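Residue numbers (the numbering used here): 106 to 180.
Where a beta carbon is used, it is the ideal one built from N, C-alpha and C, also for glycine.
Small disclaimer: the values here were computed from a predicted structure and weren't measured.
Quick notes on the structure that follows.
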Ligand SMILES: [Zn+2]
């Protein structure tokens, strides 16, 4: 009986930690987004980055404005 209470307390603590700390990669830059972001690939250099940090263009995505301008020079 003692162990059942102990197991219940342990699971309760784990559940409480999960509730109070939603899944968030530690050490990364904080943001307002929740959960994992789909990864996209820069059409110029091939760098993979989260979709919310990518620069979207006509039909491709880039890691930065500089790479977008390099790949798609404006006339
Ligand atoms: Zn790039």
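Query	Result
So is the beta-carbon of residue 169 under 8 Å away from any non-hydrogen atom of ligand 1?	yes
In this structure, does DSSP put residue 176 in helix, strand or coil?	helix
Could you check which residue in 119, 120, 176 has the C-alpha nearest to that of residue 147?	176
To the nearest angstrom, how far is it from the Cα of residue 164 to the Cα of residue 112?	54 Å
Under a Cβ-count criterion, where at least 16 other Cβ atoms within 10 Å of its own Cβ denotes burial, should residue 173 be classed as buried or exposed?	buried
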